[in-house]
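One structure is given below, encoded as structure tokens.
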Amino acid sequence: MTDARSTIQSYFDAFNAGDTDAMLACLAEDVAHHVNEGQIREGRERFAAFCAHMTRCYSETLSDMVILVSEDGTRAAAEYIVNGTYLETDDGLAEARGQTYRLPAGSFFSLSEGKITRVVTYYNLADWIAQVSK
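If you use the UniProt record's numbering, the sequence shown corresponds to residues 1 to 134, in order.
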């Protein structure tokens, strides 16, 4: 059995490296991705499409990471800071002009058999909008 903390750390290491394939390798085939704004995306294929969109519009790395794991390894949470640059205008949001932002955020996970089966991401969208609207 894969250690839940190692799986979550690998997922975030891959994110910071910009390695979508390595992120996808941490996910179950039927992963449920609950984004901060929008519909739940189900499956690795839809998660990969989301990652491609995010890579096009944003350049982000995560810092100040704290990972917490339940005793049975089936659930985890992480708190971190998103350090980003807004690269390309995202639909319905402010115009991208290369603005930078620093945003507290968190993720919640369910895990089974060494794979992430659920990802929930939270950040304060109003805070992000205020930062990129300056």
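Cβ atoms here follow ideal geometry from the backbone N, Cα and C, with glycine treated the same way.
Asked	Found
Residue interval of the beta strand (DSSP E) (run including residue 132)	Here residue 132 belongs to no beta strand (DSSP E); instead the alpha helix (DSSP H) covers 125-132.
For residue 101 and residue 59, the rounded distance between their alpha carbons	10 Å
CB of residue 77 within 8 Å of CB of residue 106, strictly	yes
From 22, 38, 63, 18, residue whose alpha carbon lies closest to that of residue 121	38
Cα-Cα separation between residue 46 and residue 134, rounded to whole angstroms	32 Å
Residue 105 - DSSP class collapsed to helix/strand/coil	strand
Top-ranked residue by Cα proximity to residue 71, from 9, 111, 13	111
Cβ contact check for the region 81-88 and the region 62-71: 3 or more pairs under 8 Å	yes
Per DSSP, cross-strand counterpart(s) of residue 42	32
Exposed unless 16 or more other CB atoms sit within 10 angstroms - verdict on residue 68	exposed
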